[in-house]
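Q: Just so we're aligned, residue 4 is where the sequence shown starts under this note's numbering, counting upward by one. Just so it is clear, CB atoms sit at the ideal spot from N, CA and C, and this is done for glycine as well. In this text the structure is predicted, and so the values were computed from the model without any measurement.
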Amino acid sequence: MSIAASTPWNNLTRHAREIAGLHLRDLIQDADRCRAMTAKAEGITLDFSRQNATTETFQLLLALAEEARLRDKIRAMFRGDRINSTEDRAVLHVALRAPKGESITLDGINVVDEVHDVLDKIRAFSEKVRSGSWTGATGRPLTDVVSIGIGGSYLGPEFVHEAFRTDPECARSAEGRRLRFLANVDPIDVARNLEGLNPETTLVVVVSKTFTTAETMLNAKTLRQWLVTALGPDSVAKHMVAVSTNLEAVQAFGIDPANAFGFWNWVGGRYSVCSAVGVLPLALQYGMEHVGHFLDGAHAIDRHFLDTPTERNIPAILGLFGVWNSTFLGRPDRALLPYCQALLKLAPHIQQVDMESNGKRVGLDGQPVPFPTGEVDFGEPGTNGQHSFYQLLHQGRVVPADFIGFTKSQRPMDVPGEPVSNHDELMANFFAQPDALAVGKTAEEVAAEGVPADLVPHKVFPGNRPSNVLLVDGRLTPDAVGRILAVYEHRTAVQGFLWGINSFDQWGVELGKVLAKQVRSQLARSRKEGAPIEGFNPSTTALLKTYLGT
Ligand code: F6P
4 MSIAASTPWN NLTRHAREIA GLHLRDLIQD ADRCRAMTAK AEGITLDFSR QNATTETFQL
64 LLALAEEARL RDKIRAMFRG DRINSTEDRA VLHVALRAPK GESITLDGIN VVDEVHDVLD
124 KIRAFSEKVR SGSWTGATGR PLTDVVSIGI GGSYLGPEFV HEAFRTDPEC ARSAEGRRLR
184 FLANVDPIDV ARNLEGLNPE TTLVVVVSKT FTTAETMLNA KTLRQWLVTA LGPDSVAKHM
244 VAVSTNLEAV QAFGIDPANA FGFWNWVGGR YSVCSAVGVL PLALQYGMEH VGHFLDGAHA
304 IDRHFLDTPT ERNIPAILGL FGVWNSTFLG RPDRALLPYC QALLKLAPHI QQVDMESNGK
364 RVGLDGQPVP FPTGEVDFGE PGTNGQHSFY QLLHQGRVVP ADFIGFTKSQ RPMDVPGEPV
424 SNHDELMANF FAQPDALAVG KTAEEVAAEG VPADLVPHKV FPGNRPSNVL LVDGRLTPDA
484 VGRILAVYEH RTAVQGFLWG INSFDQWGVE LGKVLAKQVR SQLARSRKEG APIEGFNPST
544 TALLKTYLGT
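1. State yes or no: is the C-beta of Gly154 nearer than 8 angstroms to some heavy atom of the ligand F6P?
2. Can you tell me whether Arg334 is helix, strand or coil according to DSSP?
3. Is Glu359 near the ligand F6P - that is, is its Cβ less than 8 angstroms away from at least one heavy atom of it?
4. Does His352 get closer than 9 angstroms to chain B when you measure Cβ to Cβ?
5. Would you tell me roughly how many angstroms separate the C-alpha atoms of Val472 and Pro403, rounded to the nearest one?
6. Within the chosen definition, does the stretch 354 to 369 reach the stretch 293 to 309 through at least 3 CB pairs nearer than 8 angstroms?
7. By the three-class DSSP mapping on this structure, what secondary structure does Ser275 have?
8. Quickly, what does DSSP pair Met243 with across the bridge? List them, please.
9. Output the boundary residues of the beta strand (DSSP E) element that contains Gly265.
10. Considering just the uninterrupted stretch of the beta strand (DSSP E) at Asn471, what are its terminal residues?
11. Taking the continuous alpha helix (DSSP H) assigned at Thr10, which residues delimit it?
12. Do Ala42 and Arg337 count as a contact pair if the criterion is CB distance below 9 angstroms?
13. Taking 8 angstroms as the cut-off, does the CB of Gly499 come closer than this to any heavy atom belonging to the ligand F6P?
14. Look up Gly295 in the DSSP assignment and say whether it is helix, strand or coil.
15. Does any heavy atom of the ligand F6P sit closer than 8 angstroms to the C-beta of Gln509?
16. Return yes when the C-beta of Ser211 is under 8 angstroms from any heavy atom of the ligand F6P, and no when it is not.
17. Opposite Val379 in the DSSP bridges: which residues?
18. For Thr58 and Met40, I'd like the C-alpha separation in whole angstroms.
19. So, under 8 angstroms CB-CB, Leu206 and Val231 are touching, yes? Tell me the CB distance rounded to an integer number of Å.
20. Are the Cβ atoms of Leu285 and Phe128 separated by less than 9 angstroms?
21. Which first and last residues belong to the alpha helix (DSSP H) in which Leu395 is found?
22. Check the C-beta distance from Leu346 over to Ala174 and give it rounded, since I have them as a contact under 8 angstroms.
23. Could you pull the start and end residues of the alpha helix (DSSP H) that Ile191 belongs to?
24. DSSP on Asp33, reduced to helix/strand/coil?
25. Taking 8 angstroms as the cut-off, does the CB of Phe214 come closer than this to any heavy atom belonging to the ligand F6P?
26. Do Ile353 and Gly399 come within 9 angstroms of each other at the CB atom, strictly closer than that value?
27. Can you tell me whether DSSP reads Ile86 as helix, strand or coil?
28. Tell me whether Gln355, by its Cβ, gets closer than 8 angstroms to a heavy atom of the ligand F6P.
29. For the pair the stretch 145 to 155 and the stretch 186 to 199, tell me if three or more CB-CB distances fall below 8 angstroms.
30. Taking the straight line between their C-alpha atoms, what separation do you get for Asp147 and Ala177?
31. Specify, as a first and last residue, the run of the beta strand (DSSP E) that Leu49 falls within.
32. My output table needs one value for Val454: the three-state DSSP class, helix, strand or coil.
33. Kindly confirm or deny that the stretch 116 to 128 and the stretch 493 to 501 touch, where touching means at least three C-beta pairs closer than 8 angstroms.
34. Does the distance from the CB of Arg273 to the CB of Gln509 come in under 9 angstroms?
35. Taking contact to mean 3 or more Cβ pairs, one atom from each stretch, closer than 8 angstroms, check whether the stretch 220 to 234 and the stretch 99 to 115 are in contact.
36. Among Ala71, His26 and Arg36, whose alpha-carbon lies nearest the alpha-carbon of Ser9?
Okay, structure coming up:
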């Protein structure tokens, strides 16, 4: 039976109609409701009192979680059950940050031991590179790293790199080193990546779970060519290493398996930043100690997620209100708005985590789900976003938003004579925006300011627009990066568990890849042999003719 036929689901559908007339302007004044709609754990305060919801809504959502057997599904994931049923795989990214000595058994093997074997190998290798004892083909230390990968083999590592980059301790550890990411198959990305790099001092890390992804393989060949042209064929052994689950393909490519760092098919690409996918490039740039703190932070949230009852469980609450907003209130989009410039790549990363996971059309049973799943996720750091798309958030469509802020800055600054510090200035906006969205401004309030009558409607803010506020204690440290990552990874899982879909496969990316293969061979035949374009519809045929100039 679909969850949509259950009593808790029907109760929520009815309840959504019943509370449609309530306005956050009034709801937000209730101190008891505000207390009941705040959760604190692991240094994160989640205030969800600006949801279009009453305390009864919250109770009804908790009943839905019961109906969906949310706690059982979370336990099954942590236990290593094969919950990715279409690929017959366990989903164990939580094992990637489990401390040494813990045990998660899959097919009779303690995967935590395997994880720590790879972490130890990364520690040893990254120390050699960082200390200069591992040198390039001409004997020079490798100070620069280009990490090649796309999707889950890129977005998470780049998000964490950007978050670490301005942390004072991380910055000290990275002095004299550069880390870049080459993702797009667009040759412009190659050119931008190689700007100012010297092959003699560059290490290339090829990151691909499958080691078959077309873009990554072409970029890997391109950089291999760059190295070989400058330093000769033997340089590959010193200048190229790999991260993959497909160690045979790594060897076939010409990278010594001794220089390969493995992971496992129970790690989904978009959940792989805590595997060698992220750990290797980050350890090369910052050293293993900081990366260890990041893994510890993610693990702290894993424990919280597994052990804490749903009503106080931060990822679970976020997921419940994700479902409430998108499915019951019909809001297909949501914004992720960190008031922290170092989190500039959080939204692009979570966009993949969430949209590749939950953009599905059928349930686990293969039947179409009778409601849309997944949201359109986007975001930008504040205050930049305020000067970009917030106009639409305030007076256009209703877009649920998450505001993330910190009590301290990575880089505290004061300008003499200014009333507040630079971080306080940022945070003034952080606290103001959720209220502007929730409370709004009525026509009477606008008119009372003496605004001419014809302008009044233009200056009205309807308000009643939902948001979550996540306030994190302290500054954005590696540990906090890990906690934020895990919160959003688990939010996605919660929504998938509630909707009854498989959040861990991604069949929807396949068709485009197959069609690209057909176009690729047509382009090759046309360019080399002048072969006519055939096998495409009239529109694509005409476009290809224009492209080829034939
Ligand atoms: O875009 C689809 C996808 O399969 C993602 O899920 C994955 O993260 C990405 O491609 C890269 O895959 P790989 O790590 O195998 O190169």
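A: If we stick to the structure as given:
1. Counted from its first residue, the sequence shown places residue 154 at position 151. Indeed, a heavy atom of the ligand F6P lies less than 8 angstroms from the Cβ.
2. Here residue 334 refers to the residue found at position 331 when the sequence shown is read from its first residue. Residue state for Arg334 is assigned as coil, using DSSP reduced to three classes.
3. Mapped onto the sequence shown, residue 359 falls at position 356. Checking the Cβ of Glu359 against the ligand F6P gives yes.
4. The chain labelled as chain B is not found in the depicted structure, where only one protein chain is given.
5. Taking the sequence shown and counting its residues from 1, the one referred to as residue 472 is at position 469. Taking the sequence shown and counting its residues from 1, the one referred to as residue 403 is at position 400. Within the model, the alpha-carbon separation for Val472 versus Pro403 is close to 11 angstroms.
6. The stretch 354 to 369 is not in contact with the stretch 293 to 309.
7. Against the sequence shown, residue 275 aligns to sequence position 272. Three-state DSSP puts Ser275 in coil, outside helix and strand.
8. Residue numbering aside, residue 243 sits at position 240 when the sequence shown is read from its first letter. Answer by DSSP bridge pairing, in chain order: Val207.
9. Counting from 1 along the sequence shown, the entry for residue 265 is found at position 262. Start and end: Ala263 to Gly265.
10. Position 468 of the sequence shown holds residue 471. For Asn471, the uninterrupted beta strand (DSSP E) segment begins and ends at Ser470 to Val475.
11. Start at 1 with the first residue of the sequence shown, and residue 10 comes out as number 7. Its alpha helix (DSSP H) spans residues Thr10 to Glu21.
12. Working through the sequence shown from its first residue, we reach residue 337 at position 334. Working through the sequence shown from its first residue, we reach residue 42 at position 39. No Cβ-Cβ contact shorter than 9 angstroms links Arg337 with Ala42.
13. In the sequence shown, the residue the question calls residue 499 occupies position 496. Answer for Gly499: no, Cβ out of range of the ligand F6P.
14. On the sequence shown, residue 295 is found 292 positions in, with the first residue counted as 1. Here Gly295 sits in helix by DSSP.
15. Within the sequence shown, the letter at position 506 stands for residue 509. At least one heavy atom of the ligand F6P is nearer than 8 angstroms to the Cβ of Gln509, so yes.
16. In the sequence shown, counting from the first residue as 1, residue 211 sits at position 208. Under cutoff, so the answer is yes.
17. On the sequence shown, position 376 is the one that residue 379 refers to. Answer by DSSP bridge pairing, in chain order: Asp336.
18. For this step, residue 58 is matched to residue 55 along the sequence shown. For this step, residue 40 is matched to residue 37 along the sequence shown. Looking at the two C-alpha atoms, the distance is approximately 7 angstroms.
19. Taking the first residue of the sequence shown as 1, we reach residue 206 at position 203. Taking the first residue of the sequence shown as 1, we reach residue 231 at position 228. Contact between Leu206 and Val231 is ruled out by a C-beta separation of about 15 angstroms, above the 8 angstroms threshold.
20. Position 282 of the sequence shown holds residue 285. Position 125 of the sequence shown holds residue 128. Between Leu285 and Phe128, the CB-CB gap reaches or exceeds 9 angstroms.
21. One-based indexing of the sequence shown puts residue 395 at position 392. Run containing Leu395: Tyr393 to Gln398, per the alpha helix (DSSP H) assignment.
22. Residue numbering aside, residue 346 sits at position 343 when the sequence shown is read from its first letter. Residue numbering aside, residue 174 sits at position 171 when the sequence shown is read from its first letter. So it is not a contact: roughly 16 angstroms between Cβ atoms.
23. The sequence position of residue 191 within the sequence shown is 188, counting from 1. First-last of the alpha helix (DSSP H) with Ile191: Pro190 to Leu197.
24. One-based indexing of the sequence shown puts residue 33 at position 30. The answer is coil: DSSP assigns Asp33 none of H, G, I, E or B.
25. Residue numbering aside, residue 214 sits at position 211 when the sequence shown is read from its first letter. Yes, Cβ of Phe214 sits closer than 8 angstroms to a heavy atom of the ligand F6P.
26. As a first step, residue 399 must be located in the sequence shown, where it is residue number 396. As a first step, residue 353 must be located in the sequence shown, where it is residue number 350. If you check the CB distance, Gly399 and Ile353 do not come in under 9 angstroms.
27. Walking along the sequence shown from the start, residue 86 turns up at place 83. Ile86 falls in the coil class under three-state DSSP.
28. For this step, residue 355 is matched to residue 352 along the sequence shown. Flag set: Cβ of Gln355 near the ligand F6P.
29. The stretch 145 to 155 is in contact with the stretch 186 to 199.
30. Here residue 147 refers to the residue found at position 144 when the sequence shown is read from its first residue. Here residue 177 refers to the residue found at position 174 when the sequence shown is read from its first residue. Their Cα atoms are separated by approximately 11 angstroms.
31. In the sequence shown, counting from the first residue as 1, residue 49 sits at position 46. Here the beta strand (DSSP E) through Leu49 covers Ile47 to Asp50.
32. Along the sequence shown, read from residue 1 onward, the residue named residue 454 stands at position 451. Three-state DSSP puts Val454 in coil, outside helix and strand.
33. Result no; under three Cβ-Cβ pairs closer than 8 angstroms.
34. Here residue 273 refers to the residue found at position 270 of the sequence shown. Here residue 509 refers to the residue found at position 506 of the sequence shown. Closer than 9 angstroms, so yes.
35. Of all C-beta pairs linking the stretch 220 to 234 to the stretch 99 to 115, fewer than three are shorter than 8 angstroms, placing the two stretches out of contact.
36. Within the sequence shown, residue 9 is the residue found at index 6, counting from 1. Nearest option by C-alpha distance: Ala71.
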